[in-house]
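Numbered as in numbering that gives the first Met the number 0, the sequence shown ends at 781 without a single skipped number. We put the beta carbon where it would ideally sit given N, CA and C, even for glycine. Shown next, in structure tokens, is the structure this report addresses.
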Amino acid sequence: MVQLAHHVMADPAVRSAEVLDAALTILGAAVDPADRTTVLDFARTRQPHMRGHYLVRLSGDIGADEARKIVDVLAETRSSGAEPEHWKPVTLLLRRLPLDVLAAFIDSPFTQGRGRAPLLEAGLIGTLGAARLQEVLEQLTSVEVVTELVERAARDLPQDQLVDFSVWAHHRYPASLCFALRQRLIGDLSDSHYFTRGEERRAQAVEGLWASGLAGTEADAIADELIAVTDPDDLATRAADVTTSRAASQLGAAAAKLLAAQHPNDTPGGRQLIEAAARSLRAMTVDLLKDFAAGLVRTATGTPAEGRLSGPLVDAVIGHPDAIAAFAAEGGSDVLTLHAARTPDQAAAVLLSASAHLNAAQACTLLGVAPALDRPGNSPNTAPGVNWTTTNPSIYLRLLDAADTWDEATFGVLGQALRALDEPEARQPSTEVLLRALSHGESRGLADHLGEATTDHIRRLLEQRNPEVLRAACDWVRRLDIDADGADIGRAQLVLAADTRRNGRNADISQLRADLAHRHAELAQDLTLEAGQRVAHLETAATLADNEARDAAVVLVESRTTAIRRAAAHVLAETPGSPEEHATLNILIANEDDAEVAHLLQTALHRLVSGDAGEALRNLMDLLGLPTRGLNVDVLIPNQAHRERFTLWVDRARARSSNTGDPSAFIDATINIADQMADLAVVAASDAGQNVALRPDQVEGIRVNNKPRPDAGVLVTQQQRTQLFPWFSSVAALRSKRAAHPSPLGTTTPLHFGDEDQLVARGLLKQIAEGWIESMYAHASK
Numbered sequence: 000m001v002q003l004a005h006h007v008m009a010d011p012a013v014r015s016a017e018v019l020d021a022a023l024t025i026l027g028a029a030v031d032p033a034d035r036t037t038v039l040d041f042a043r044t045r046q047p048h049m050r051g052h053y054l055v056r057l058s059g060d061i062g063a064d065e066a067r068k069i070v071d072v073l074a075e076t077r078s079s080g081a082e083p084e085h086w087k088p089v090t091l092l093l094r095r096l097p098l099d100v101l102a103a104f105i106d107s108p109f110t111q112g113r114g115r116a117p118l119l120e121a122g123l124i125g126t127l128g129a130a131r132l133q134e135v136l137e138q139l140t141s142v143e144v145v146t147e148l149v150e151r152a153a154r155d156l157p158q159d160q161l162v163d164f165s166v167w168a169h170h171r172y173p174a175s176l177c178f179a180l181r182q183r184l185i186g187d188l189s190d191s192h193y194f195t196r197g198e199e200r201r202a203q204a205v206e207g208l209w210a211s212g213l214a215g216t217e218a219d220a221i222a223d224e225l226i227a228v229t230d231p232d233d234l235a236t237r238a239a240d241v242t243t244s245r246a247a248s249q250l251g252a253a254a255a256k257l258l259a260a261q262h263p264n265d266t267p268g269g270r271q272l273i274e275a276a277a278r279s280l281r282a283m284t285v286d287l288l289k290d291f292a293a294g295l296v297r298t299a300t301g302t303p304a305e306g307r308l309s310g311p312l313v314d315a316v317i318g319h320p321d322a323i324a325a326f327a328a329e330g331g332s333d334v335l336t337l338h339a340a341r342t343p344d345q346a347a348a349v350l351l352s353a354s355a356h357l358n359a360a361q362a363c364t365l366l367g368v369a370p371a372l373d374r375p376g377n378s379p380n381t382a383p384g385v386n387w388t389t390t391n392p393s394i395y396l397r398l399l400d401a402a403d404t405w406d407e408a409t410f411g412v413l414g415q416a417l418r419a420l421d422e423p424e425a426r427q428p429s430t431e432v433l434l435r436a437l438s439h440g441e442s443r444g445l446a447d448h449l450g451e452a453t454t455d456h457i458r459r460l461l462e463q464r465n466p467e468v469l470r471a472a473c474d475w476v477r478r479l480d481i482d483a484d485g486a487d488i489g490r491a492q493l494v495l496a497a498d499t500r501r502n503g504r505n506a507d508i509s510q511l512r513a514d515l516a517h518r519h520a521e522l523a524q525d526l527t528l529e530a531g532q533r534v535a536h537l538e539t540a541a542t543l544a545d546n547e548a549r550d551a552a553v554v555l556v557e558s559r560t561t562a563i564r565r566a567a568a569h570v571l572a573e574t575p576g577s578p579e580e581h582a583t584l585n586i587l588i589a590n591e592d593d594a595e596v597a598h599l600l601q602t603a604l605h606r607l608v609s610g611d612a613g614e615a616l617r618n619l620m621d622l623l624g625l626p627t628r629g630l631n632v633d634v635l636i637p638n639q640a641h642r643e644r645f646t647l648w649v650d651r652a653r654a655r656s657s658n659t660g661d662p663s664a665f666i667d668a669t670i671n672i673a674d675q676m677a678d679l680a681v682v683a684a685s686d687a688g689q690n691v692a693l694r695p696d697q698v699e700g701i702r703v704n705n706k707p708r709p710d711a712g713v714l715v716t717q718q719q720r721t722q723l724f725p726w727f728s729s730v731a732a733l734r735s736k737r738a739a740h741p742s743p744l745g746t747t748t749p750l751h752f753g754d755e756d757q758l759v760a761r762g763l764l765k766q767i768a769e770g771w772i773e774s775m776y777a778h779a780s781k
């Protein structure tokens with residue numbers, strides 16, 4: 000038969016069509032490649048659009064070599080303008096070709112007529128079936144060809160293959176490329192099918208659309224028509240069955256599309272949607288929550304759904320750190336911030352989980368240290384955020400570390416903590432919180448970042464007891480007033496007061512005081528500053544450290560500016576000097592043409608030092624305008640232990656006696672002298688057998704100036720003693736002049752007592768001295 004077939008094909012022109020077909024069929028069924036090649040050779044001689052009619056006679060297995068020969072014969076058919084009827088037999092042949100040959104043929108250019116369309120219209124998709132089509136598509140690289148095949152598949156695939164293919168395509172390709180597949184499934188949602196198994200087909204279409212949508216990678220894979228027929232409560236049911244990150248993300252997108260339905264938030268419909276979305280999120284397994292949250296906010300952004308990301312839905316997100324981070328990363332940080340700032344625990348959760356996706360304003364809002372963000376269309380949110388009083392201490396420390404990403408948050412929290420130091424203790428930050436906030440501030444170069452409140456904040460810190468807090472306060476002042484160009488006099492007074500309160504027992508504060516004295520002394524000598532500024536700096540240095548101020552004053556007393564010379568002369572007159580300065584002071588006095596400066600320099604010369612207690616007595620009497628003759632130091636100051644202290648305070652009073660601008664130091668010195676005179680008089684009277692209304696041990700305490708001596712204020716006000724020593728009333732009056740005199744915060748001009756205060760103090764001390772001398776001589780005679 001094969002030989003007969005070859006005989007027929009040897010002269011095909013004289014054979015009838017029926018005979019040719021029979022011969023080709025025999026040769027096409029043969030096993031020998033030579034026999035089958037005859038069919039190929041014959042087909043090649045036919046018109047390109049007719050070749051498929053002959054090639055289809057090849058039956059049985061088609062190997063790779065033969066397959067390539069077949070497509071080579073069909074190559075001209077692709078450019079022949081063949082119509083579907085010509086391609087029909089080819090489709091039956093193509094499905095039998097090896098995959099790589101088949102894919103290459105389909106992917107090759109169809110250059111004539113309607114291109115590849117006639118081949119597809121001839122039923123290629125149906126002939127291949129969904130499984131084989133998927134294999135072919137996986138081999139193709141041309142988006143155009145893939146799109147053409149997928150769109151045709153949406154029309155030609157049998158109903159029972161459509162859903163599986165749609166799911167596969169959505170998983171592999173963009174949603175736009177799969178549009179036709181969704182449209183076919185959507186067509187089955189139509190009511191027109193109700194009378195032909197319509198409900199069953201409608202249910203299948205719904206499931207197909209869901210499966211396709213969850214397999215996709217874009218929100219567009221979720222058909223709007225599917226959303227329109229979906230019960231919101233169905234979301235949670237489907238969420239429980241989701242097992243992949245992609246499906247979870249797509250379900251989040253579906254939830255966003257449901258939220259975009261036109262129901263106002265405050266209506267039952269709107270609340271139902273929000274609650275349904277929240278339930279679906281909670282139904283997800285924990286590892287998929289972040290994917291759901293990401294898909295939700297990514298799809299909702301820029302749609303009506305964005306305004307419905309609220310209430311229980313955001314609560315559900317905030318319950319899981321990964322979900323918070325994913326939600327914020329996709330643009331939901333504003334929504335999270337506005338919602339979470341109302342509740343301290345939620346604010347903490349958002350800040351800790353989403354810090355990488357927040358901005359400074361959001362962080363400040365969560366920490367309650369800045370005006371809250373505004374939600375569009377609503378009034379400003381005034382939520383308190385989270386602070387140290389509303390959350391666990393260890394959590395708040397973690398929040399401080401997280402907030403250190405932003406200057407605004409770091410300094411905002413620090414300012415908040417410092418202001419709270421003036422509040423009741425229950426509302427103050429712990430030492431640990433305060434130190435952490437200060438540490439973060441210091442790491443960011445804390446200086447004047449807190450504005451006008453800076454000096455007040457430093458005052459609060461200097462009132463604390465913790466050594467580390469005090470050290471941080473000192474470091475802050477150093478950056479402001481030693482490392483920077485200027486120095487604030489108000490802060491210097493705060494440091495002075497802090498050191499005085501502690502009697503110099505805090506090394507950091509004491510060192511800062513000394514360094515500030517040096518700094519202000521330097522500024523006093525800065526020729527670029529105005530005279531008033533230089534004078535203020537010199538006076539400040541004098542309050543901080545005599546030696547620094549005096550060193551500067553020795554230079555400044557030769558200034559061309561009278562006001563500066565006067566200020567320098569005041570310092571020299573009021574601070575301890577040394578005998579070596581006698582010659583210098585004499586020269587300065589001789590050359591000075593300003594009377595006040597010359598007088599102050601003369602005072603400085605006289606107050607350098609009293610040689611002994613006798614000289615101190617004479618100097619004091621001279622200062623008070625009392626007789627200096629006949630003063631017996633053994634009677635007036637019989638105890639050697641009292642003499643050194645008496646001399647010290649007399650010299651200080653003399654040195655400060657000319658300080659009419661600020662006589663407080665003079666008044667303090669006179670009070671100390673008066674107190675010692677009262678002590679000496681009481682001891683002398685007791686030794687003389689007088690009843691001084693004190694126990695012997697108290698008298699002994701006064702003698703050695705130690706406990707259990709009574710307070711000086713009590714000593715001079717007890718009735719029996721005031722009758723014995725009438726001048727004690729003057730001591731009490733002088734003691735009433737004792738007062739602190741700091742500068743107002745942030746100013747450069749200290750407060751002053753008036754000139755009349757110095758005159759009163761001098762007059763009282765004169766009365767006291769007269770009474771003391773009389774009493775001491777009277778008791779000595781007994």
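Residue i to residue j span [Cα, whole Å]
i: residue 565; j: residue 596; result: 5 angstroms
i: residue 128; j: residue 102; result: 14 angstroms
i: residue 193; j: residue 176; result: Unreliable placement is indicated for residue 193, whose pLDDT of 49 sits below 50; the coordinate value is still reported in the next sentence. Looking at the two C-alpha atoms, the distance is approximately 29 angstroms.
i: residue 609; j: residue 650; result: 7 angstroms
i: residue 448; j: residue 406; result: 9 angstroms
i: residue 427; j: residue 386; result: 10 angstroms
i: residue 210; j: residue 56; result: 42 angstroms
i: residue 368; j: residue 271; result: 35 angstroms
i: residue 712; j: residue 733; result: 11 angstroms
i: residue 237; j: residue 251; result: 11 angstroms
i: residue 674; j: residue 685; result: 17 angstroms
i: residue 31; j: residue 46; result: 26 angstroms
i: residue 22; j: residue 95; result: 22 angstroms
i: residue 63; j: residue 73; result: 15 angstroms
i: residue 420; j: residue 412; result: 13 angstroms
Residues near residue i by beta carbon distance below 8 angstroms, same chain, minus five either side
i: residue 330; result: 296, 297 and 300
i: residue 599; result: 565, 568, 569, 571, 572 and 657
i: residue 148; result: 105, 119, 124, 132, 135, 136 and 139
i: residue 588; result: 597, 600, 601 and 604
Residue i burial status per 10 Å Cβ neighbour count (16 or more: buried)
i: residue 87; result: buried
i: residue 343; result: buried
i: residue 215; result: buried
i: residue 487; result: buried
i: residue 15; result: exposed
i: residue 643; result: exposed
i: residue 0; result: exposed
i: residue 33; result: exposed
i: residue 323; result: buried
Chain-order list of residues whose beta-carbon lies under 7 angstroms from that of residue i (same chain, five-residue window excluded)
i: residue 766; result: 726 and 729
i: residue 665; result: 652, 655, 656, 658, 757 and 760
i: residue 231; result: 257, 271, 272 and 275
i: residue 526; result: none
i: residue 776; result: 634
i: residue 507; result: 469, 470 and 473
i: residue 315; result: 277, 280 and 281
Residue i (DSSP reduced to helix, strand or coil)
i: residue 463; result: coil
i: residue 279; result: helix
i: residue 319; result: coil
i: residue 221; result: coil
i: residue 600; result: helix
i: residue 611; result: coil
i: residue 260; result: coil
Contacting residues, own chain, Cβ-Cβ under 6 angstroms from residue i (five flanking each side not counted)
i: residue 98; result: 134
i: residue 282; result: 235, 238 and 239
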